[in-house]
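Working notes, structure below.
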Amino acid sequence: MKRKGGWAGWVAGVLATAATLVGPQRASAQLGAGMDMSAMIAPISSRSLESYARILSLDGDQKEAAKALLEGYQAQHRAAVDAFQTEMKSLTPRAIQEEMQQSQDWMSYGRKVRDMGIKLREGVQGSERNFMEDLKVLLTEKQAEGFVRVERARRRENLLRFGFVAGQAVDLFSVAENAKVGARAEVVELLASYEVEVDRRLEAFERWQRDQEKQFDNVDPMNVDMGAVSKAMQDAFDRSREIRDVNQRFARQIAQALGEGDGERFTDEFKRRAHPRVYRPSHAAKSIRSAEGFADLGEQQRADLKVLRESFEREAAAANARWASVIEAEEDKRGANWMEEMMQQAMGGGGKGGDVADAKQAREDLDSRTMDRLLAILSKEQAERLPAKPEPKPSQLGPAADMFYLPDLDPENP
8 MKRKGGWAGW VAGVLATAAT LVGPQRASAQ LGAGMDMSAM IAPISSRSLE SYARILSLDG
68 DQKEAAKALL EGYQAQHRAA VDAFQTEMKS LTPRAIQEEM QQSQDWMSYG RKVRDMGIKL
128 REGVQGSERN FMEDLKVLLT EKQAEGFVRV ERARRRENLL RFGFVAGQAV DLFSVAENAK
188 VGARAEVVEL LASYEVEVDR RLEAFERWQR DQEKQFDNVD PMNVDMGAVS KAMQDAFDRS
248 REIRDVNQRF ARQIAQALGE GDGERFTDEF KRRAHPRVYR PSHAAKSIRS AEGFADLGEQ
308 QRADLKVLRE SFEREAAAAN ARWASVIEAE EDKRGANWME EMMQQAMGGG GKGGDVADAK
368 QAREDLDSRT MDRLLAILSK EQAERLPAKP EPKPSQLGPA ADMFYLPDLD PENP
């Protein structure tokens, strides 16, 4: 069985093309030199192996043998990523400038990044393919019949790590587990159907991705066919929306089957994963929770804090729903023009206004007003005990980070 390394190889090709077109100095700073590729190309983890063991009903000896195989595989994967990271760190703006002056060929940066990406992809794919084949050797004939479910699980791990649209990079198995409803009979039945249906989309995407990778592998940075790139991006968005639609449909079915309480908790977890930038706890929310835990609150303060929290939660729910809605509306219009938009963002351009920016600002204004009301309730000494507002952390993906979803590289900004 030929395994692929998920989105990373194809995304690396897209970023390499963008880096070539943006320009080597800016691109090295924003589209790769500081990027942690270990997050983009994640190895099979111990937690994943535990999941595979449950799927296959491995016995104790089989689990120990599988763990030994995993350690060897992870070492090979780490070596490939470390080698790539070392090469990327050498591509400083100064080093690139010196190379261009010597060769008089500024496109050499694009070729180098492309070739490095190919080498990394082939290395991690090979080690993963070997691990999977070695794991199958440990199985009984009956266990081997269920290995297709392991393949599906790994495909979800790989291909649902990245998304062009909200709700795509979500695995409902993980949502159910985090919402603590995965063992419910109605959920197990729906997830079994979801597993098969979403995998059909993921397999189709994987086949399409292989074709795209072959094209990117042969891209000449001196002669980029932007028409072909635009078509590829339109295809990527169309396929991404198909995956998102499956996720959303089954998420609604599961929530409905669970009913009030559990269903609401499941939906909240799905929203948090579908729109991590929208639904992550804000500084205002964390501050209210912290204040309600103060032991020296007066009776009136506690009552005022309760009113503030309930008011904030209602307004935040409406503001978040609006923000998420306009994001989805904008993403539904994206496609062939995505590369152009991403490059504009990477170069510091692109529109800053629009419905999404307005909705985001409305949420930030709500947080600001809420903090003012909170400080008015607390004494000066109590206010000093509130959690400090963390400084925003820049994404490793630079200004273009809002153009797609890659949770492992998305910092926990307040």
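Mind the numbering: the sequence shown is residues 8 to 421 in the working numbering, read in order. All residues carry an ideal CB built from backbone N, CA and C; glycine is no exception.
CB of residue i within 8 Å of CB of residue j, strictly
i	j	result
residue 319	residue 389	no
residue 186	residue 272	yes
residue 251	residue 213	no
residue 235	residue 142	no
residue 265	residue 188	yes
residue 167	residue 48	no
residue 7	residue 63	A question about residue 7 goes unanswered here, because the residues of the chain that appear run from 8 up to 421.
residue 423	residue 337	As shown, the chain starts at 8 and ends at 421. That puts residue 423 outside it, with no answer to give.
residue 70	residue 60	yes
Rounded C-alpha distance that separates residue i from residue j
i	j	result
residue 182	residue 209	18 Å
residue 321	residue 292	12 Å
residue 314	residue 375	17 Å
residue 202	residue 257	10 Å
residue 165	residue 260	25 Å
residue 304	residue 377	18 Å
residue 312	residue 297	11 Å
residue 148	residue 67	17 Å
residue 382	residue 308	11 Å
residue 144	residue 155	14 Å
residue 328	residue 286	9 Å
residue 396	residue 335	29 Å
residue 262	residue 215	32 Å
residue 247	residue 170	7 Å
residue 232	residue 152	44 Å
residue 242	residue 339	13 Å
Limits of the unbroken alpha helix (DSSP H) element including residue i
i	result
residue 74	67-96
residue 248	233-265
residue 274	269-281
residue 377	362-384
residue 180	179-185
residue 311	306-340
Classification of residue i by the beta-carbon crowding that lies within 10 angstroms, buried from 16 upward
i	result
residue 8	Unreliable placement is indicated for residue 8, whose pLDDT of 39 sits below 50; the coordinate value is still reported in the next sentence. The residue is exposed, with fewer than 16 neighbouring Cβ atoms inside 10 Å.
residue 412	buried
residue 52	exposed
residue 294	buried
residue 245	exposed
residue 134	buried
residue 370	buried
residue 119	buried
residue 132	buried
Point to revise | At least 3 beta-carbon pairs within less than 8 Å: the segment 91-104 vs the segment 54-65 | key: Result no; under three Cβ-Cβ pairs closer than 8 Å.
**Study point:** Three or more C-beta pairs below 8 Å linking the segment 171-185 and the segment 213-223
**Key:** no
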